[in-house]
Every structure is written in structure tokens, then in C-alpha cells.
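To keep things clear, I will list the structure first and then write my remarks on it.
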Amino acid sequence: MKTLTLGLAFGLLATQGLAQQTLSTASPIPDGAETRFCYYQGMAYSLDAFVVIFGDNTVTSTASTREEHLLRCIKGDDGTMSWKPQSSFQISR
34 MKTLTLGLAF
44 GLLATQGLAQ
54 QTLSTASPIP
64 DGAETRFCYY
74 QGMAYSLDAF
84 VVIFGDNTVT
94 STASTREEHL
104 LRCIKGDDGT
114 MSWKPQSSFQ
124 ISR
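Per the numbering used here, the sequence shown starts with residue 34, numbered consecutively.
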């Protein structure tokens with residue numbers, strides 16, 4: 034009985050180790066996803082989706098601009114999806 038319990042415990046430990054190893058090497062992004070979606074900040078976007086990226090560009094303490102970039106999700110010649118700049122704006126402050 035003692036041998037059976039000990040064998041069962043070792044079997045459970047081995048199974049748990051295998052499950053953790055499989056989980057740590059698994060990718061959250063499925064194979065071929067780059068041919069179906071564009072990604073930005075952890076979100077997946079479909080073909081022809083738009084995103085606006087903005088931020089402050091401080092040149093000096095007295096002059097700074099706010100930049101905005103409009104990007105569009107496109108499908109390239111090789112079949113992969115990527116972001117293509119559509120327009121950029123700079124607003125002085």
C-alpha cells in the first residue's frame with residue numbers, strides 16, 4: 034500500500050512538471066496569426082482597421098509638439114499583415 038501511494042505521488046509530480054513545461058513554451062498567438070491580423074498594444078486588428086498613435090515630443094522646456102500618426106492595417110505582397118502610415122500631424126504648444 035505504501036509503495037502504491039508513493040508511486041502515485043511520483044506519477045502526479047511528473048505529470049505536473051510536464052504540464053508546466055508545455056504551458057511555459059506555448060505561445061498565446063496562434064501559428065499563422067501574422068497573416069490574419071495586425072497587432073498593436075496586445076490587441077488584434079483586422080484588414081483595413083485604423084489606429085491613432087499619439088504622444089508628446091518635447092524639444093526644449095519652452096517648445097514641444099504633440100504628434101499623432103494614423104496607421105492602417107494592410108496585407109503585404111507576401112501575405113503578412115502590417116501597419117502602414119496614412120498621415121501624421123504635429124500640433125505645436
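Glycine included, every Cβ here is placed at the ideal spot set by N, Cα and C.
Predicted, not measured: the structure shown is a model, and the values here were computed from it.
Test item: CB-CB of THR68 and THR98 under 8 Å:
Not in contact: THR68 and THR98 (Cβ atoms no closer than 8 Å).
Chain-order list of residues whose beta-carbon lies under 6 Å from that of ALA82 (same chain, five-residue window excluded): These residues qualify, in order along the chain: CYS106.
> For the putative contact between SER115 and CYS71, defined by C-beta atoms under 8 Å, what is the C-beta separation to the nearest angstrom?
Replying inline: Their Cβ separation, rounded to whole angstroms, is 6 Å, which keeps SER115 and CYS71 in contact under 8 Å.
So is LEU80 buried or exposed if we call it buried at 16+ other beta carbons inside 10 Å?
Result: exposed.
Which of helix, strand or coil DSSP assigns to THR98: Looking at THR98 - three-state DSSP - the assignment turns out to be strand.
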